[in-house]
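Input: a single structure, listed below in structure tokens.
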Ligand code: GDP
Ligand code: MG
């Protein structure tokens with residue numbers, strides 16, 4: 113085996129991206145990597161897994177961990193998602209805490225930071241996101257509130273959507289990143305596998321096209337992911353959309369199947385681009401009564 117030569121001053125580390133739902137964590141991850149590894153919607157609680165994304169350059173390797181938004185859970189799935197977000201701070205070298213400048217910094221943010229820093233002194237960087245919407249937020253006051261709990265490595269005002277100040281943010285991260293090895297191969301991008309990418313893209317389109325509780329109470333499981341038997345040039349993806357009640361099934365399917373067709377078409381178009389292949393996408397809707405309250409199903413669908 114060839115040992116890779118890396119300079120003595122090579123820096124590396126794990127950065128947990130944390131914050132309340134919808135502040136722009138996944139948007140930031142995608143923008144920093146220049147690739148869509150996490151799905152994004154205008155609705156809270158889109159991210160359900162910790163998602164690893166690696167930014168590798170000549171002098172550093174940053175392993176970002178995108179996390180589910182931290183909120184007050186109202187059911188078992190929510191509880192598990194919040195736990196998984198906090199658990200990302202266990203092995204992080206830096207915690208990157210995001211707030212949405214349009215919504216400000218509130219008591220929930222304080223509570224989250226307090227909870228993390230009751231057990232840890234991992235360096236904290238605060239990113240104030242969405243400054244394209246509101247840039248006159250009172251940074252000094254926020255800084256004072258955080259310093260009452262823990263030190264802050266840096267505060268950077270960014271727009272993850274537009275890419276504003278992301279170079280500054282990276283600079284601040286690199287400043288406090290420890291010396292270390294390449295944890296992942298140079299060209300390793302993410303731990304999200306191909307079948308999971310397909311499931312997530314379908315879930316993204318589902319969340320975007322449905323309202324009320326359906327997005328929060330659905331899951332997508334890819335059952336088939338292989339070249340079509342009678343035409344290997346076409347890739348066959350069959351997925352089950354799991355809903356929690358029969359009324360939700362009717363909503364997902366829509367009048368004369370219109371809604372599920374629309375979800376399928378937009379998912380297929382994006383998946384064909386991602387995988388650079390023609391795709392035959394088959395979607396089925398299944399009812400698993402109140403699955404999001406039951407550990408058995410939550411585990412079976414890959415959230416733990
Ligand atoms: P997450 O739940 O924290 O991962 O947030 P997402 O990345 O899913 O983003 C939630 C919503 O905020 C989406 O509609 C994004 O397009 C939007 N968003 C994220 N970053 C920005 C930003 O810098 N500016 C604006 N205007 N919107 C943003
Ligand atoms: Mg997210």
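Numbering (our numbering), first residue to last: 113 to 416. C-beta: ideal position from N, C-alpha, C; glycine also.
Original post:
Which parts of the region 340-414 are runs of the alpha helix (DSSP H), unbroken and 4 residues or longer, counting only runs that do not cross its ends?
Top reply: As far as the region 340-414 is concerned, its whole alpha helix (DSSP H) runs of at least 4 residues are 358-365, 370-387, 407-412.
**OP:** Classify residue 253 as helix, strand or coil using the three-state DSSP reduction.
**Re:** Helix.
Subject >> For residue 405 and residue 399, the rounded distance between their alpha carbons >> reply: Cα-Cα distance, rounded: 14 Å.
**OP:** Can you tell me the Cβ-Cβ gap for residue 416 and residue 186, rounded? I've got them flagged as a contact below 8 Å.
**Re:** Cβ-Cβ separation between residue 416 and residue 186: approximately 19 Å, too far for a contact (criterion under 8 Å).
Original post:
If you draw a straight line from the C-alpha of residue 358 to the C-alpha of residue 368, how long is it?
Top reply: Each residue's alpha carbon lies about 16 Å from the other.
Subject >> Exposed unless 16 or more other CB atoms sit within 10 angstroms - verdict on residue 351 >> reply: Buried, since its Cβ has 16 or more Cβ neighbours within 10 Å.
Original post:
Do residue 138 and the ligand GDP come close, with the Cβ less than 7 Å from some heavy atom?
Top reply: Relative to the ligand GDP, the beta carbon of residue 138 is positioned inside 7 Å of a heavy atom.
Original post:
What residue does the beta strand (DSSP E) around residue 178 start on, and which one ends it?
Top reply: Looking at the DSSP string, the run of the beta strand (DSSP E) that includes residue 178 is 172-178.
Subject >> Within the region 114-151, ranges of the beta strand (DSSP E) (whole runs, at least 3 residues) >> reply: For the region 114-151, whole beta strand (DSSP E) runs of length 3 or above, ordered along the chain, are 123-131.
Original post:
Based on the DSSP secondary-structure assignment, which residues constitute the bridge partners of residue 306?
Top reply: Residue pairing by DSSP places residue 306 opposite no residue, since no beta bridge is assigned to it.
Original post:
So, helix, strand or coil for residue 271, using DSSP?
Top reply: Looking at residue 271 - three-state DSSP - the assignment turns out to be strand.
Original post:
Closest to residue 198 by CA distance: which of 212, 228, 175, 190 is it?
Top reply: Of 212, 228, 175, 190, the smallest CA-CA separation from residue 198 is found for 228.
Subject >> Heavy atom of the ligand MG within 7 Å of residue 150 beta-carbon >> reply: Yes - the ligand MG has a heavy atom lying nearer than 7 Å to the Cβ of residue 150.
Subject >> residue 297 - DSSP class collapsed to helix/strand/coil >> reply: Three-state result, residue 297: coil.
**OP:** Assess, as a yes-or-no matter, whether the region 200-211 is touched by the region 232-249 under the definition of 3 or more beta carbon pairs within less than 8 Å.
**Re:** In the pairwise beta carbon analysis, the region 232-249 is classified as touching the region 200-211: at least three pairs are separated by under 8 Å.
Original post:
Given residue 201, which residues of its chain have a CB within under 8 Å of its CB, disregarding the five upstream and five downstream residues?
Top reply: 128, 130, 207, 228, 232, 234.
**OP:** Run the proximity test for residue 309: is its beta-carbon closer than 7 Å to any non-hydrogen atom belonging to the ligand MG?
**Re:** No, since every heavy atom of the ligand MG falls outside the 7 Å radius drawn around the Cβ of residue 309.
Subject >> DSSP state of residue 200 mapped onto helix, strand, coil >> reply: Note: residue 200 maps to coil in three-state DSSP.
**OP:** Starting from residue 283, trace the alpha helix (DSSP H) both ways and give me its first and last residue.
**Re:** Looking at the DSSP string, the run of the alpha helix (DSSP H) that includes residue 283 is 278-288.
**OP:** Counting only runs of 3+ residues fully inside the region 189-248, write out the beta strand (DSSP E) ranges in chain order.
**Re:** Entirely contained in the region 189-248, the beta strand (DSSP E) runs reaching 3 residues are, in chain order, 206-212, 236-241.
Original post:
What separation, rounded to the nearest whole angstrom, lies between the Cα atoms of residue 267 and residue 173?
Top reply: It is roughly 21 Å from the alpha-carbon of residue 267 to the alpha-carbon of residue 173.
Original post:
According to DSSP, is residue 331 helix, strand or coil?
Top reply: Note: residue 331 maps to strand in three-state DSSP.
**OP:** Alpha carbon to alpha carbon, how far is residue 136 from residue 324? Give it in angstroms, no decimals.
**Re:** Roughly 21 Å between the two C-alpha positions.
Original post:
Going by alpha carbons, who is nearest to residue 216 out of 194, 248, 189?
Top reply: Nearest C-alpha to residue 216: 248.
Original post:
So, residue 85 versus residue 395, is the Cβ gap smaller than 8 Å?
Top reply: This structure does not reach residue 85, given that the chain is present from 113 up to 416, and the question cannot be answered.
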